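Inspection log for the structure reproduced underneath, given as C-alpha cells.
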Amino acid sequence: MIITSIDQLNPQKKYSYADYLKWQFDELVELINGKLFRMSPAPSRLHQKISFAISGNFYNFFQGKSCDVYHAPFDVRLPDPKKSSGDEKVFSVVQPDICIICDKEKLDDRGCIGAPDLIVEILSPATRKKDLNEKFDLYEQSGVLEYWIVQPNDQTITVFDLTNDKYLLRKIYGAEEMISGGVFPELVIDLTKVFEIPEL
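Below is the structure:
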C-alpha cells in the first residue's frame, strides 16, 4: 500500500525505517522506538538564527578536521545496539537540529547510521517535551557522547556528557558565558553572539 498522507498511518503502530522509506508525503516525521512523531512546522526566526550561529561555529572549528557537521533535515538512524541493523530492525530515525559525526563509516547517502558524537536540539513549544524526554533517553541509550539542549527563551544551553552509559549534567551555560570542554576540548563558543536577539 502506497502511503501518500501521514493521516493514513496508525499512530499506535510500531514502524521501522523500512516503513519510513516507503512513505511518499512531504511532511517531516521522526521515529523513536517505532513511535511516530510529527516534526514541528517551520522553525521561528530566532530558532533559525541560533541554529545558524552554532552551526557556523562548528563549521569553522571543524574545517580541515575529520568530523562533519550536519543540520536538519538530515536522517540519523539509531539502531538498537543489541540487535541487527537492517532497515526493518531500525525503529528510531530522528532529525537533530545539528549533529557532529566523526566516524565516516557511519555516513551513507541516506544520512547517518549510528550515534553522532554530539547532538544539538533547539527547543520550541512543539518539540520541548520530545527533546527533553524521548530524545534524551534515546540519545543516552544510543551512545551520543554529548547532548546540548538550547532554550532560546531562557538564553541557556544545557550540556550533558555521557559517562558510564548515563548522561550527567555538565553545566547550564548562560548567554554571557563560553562553552568549552567535552568531546572536543578545543571547541569554544561565545554565547553572547549565539543569543543576540534579531531585530524585528
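Okay, so the sequence shown: first residue is 924 according to this note's numbering, each after it adds one. Every residue, glycine too, gets a C-beta built ideally from N, C-alpha and C. Keep in mind the model is a prediction, meaning the values are calculated, not measured.
As assigned by DSSP and simplified to three states, the class of residue i
i, result
"G1009", "coil"
"L1208", "With the chain covering only 924 through 1123, there is no way to say anything about residue 1208."
"D1060", "helix"
"T927", "coil"
"L1068", "coil"
"L1055", "helix"
"L1046", "coil"
"C908", "With the chain represented from 924 up to 1123, any question about residue 908 goes unanswered, as that position is not in the structure."
"L1041", "strand"
"C1025", "coil"
Own chain partners of residue i with C-beta closer than 6 Å, once the 5 adjacent residues on each side are dropped
i, result
"Y1090", "E1063, F1083"
"I926", "W946"
"T1050", "S963"
"I1112", "N980, I1102"
"A1038", "S1065, G1066, V1067"
"F1118", "Q1078, A1098"
"K937", "G957"
"I929", "F948, E950"
"N1056", "none"
Integer Cβ distance of residue i from residue j, believed to fall under 8 Å
i, j, result
"T1115", "Y1096", "At roughly 11 Å, the Cβ-Cβ gap does not stay under 8 Å, so T1115 and Y1096 are not in contact."
"D1040", "V1106", "5 Å"
"P1002", "I1036", "7 Å"
"H994", "S974", "6 Å"
Contacting residues, own chain, Cβ-Cβ under 7 Å from residue i (five flanking each side not counted)
i, result
"H970", "I1045, S1047, P1075"
"D1054", "E1044, L1046, I1072"
"Y982", "V992"
"L1151", "The structure shown does not extend to residue 1151, since the chain is modelled only from 924 to 1123, so the question has no answer here."
"R1033", "D998"
Cβ neighbours of residue i in the same chain (closer than 8 Å, five flanking residues each side left out)
i, result
"G1104", "R1093"
"F985", "D991, V992, I1023"
"D1010", "S939, Y940, A941, L944"
Can you check the stretch 934-1015 for any beta strand (DSSP E) of at least 3 residues that lies completely inside it and give the ranges in chain order? 952-955, 958-961, 991-994
Should the stretch 955-962 be called in touch with the stretch 1011-1019, which here means at least 3 C-beta pairs below 8 Å? yes
Per the contact definition of three or more C-beta pairs closer than 8 Å, is the stretch 1081-1096 in contact with the stretch 1050-1068? The stretch 1050-1068 is in contact with the stretch 1081-1096.
Take every Cβ of the stretch 932-949, pair it with every Cβ of the stretch 979-995, and state whether three or more of those distances are shorter than 8 Å. no
Which complete alpha helix (DSSP H) runs does the stretch 1068-1120 hold, if anything under 4 residues is left out? 1114-1117
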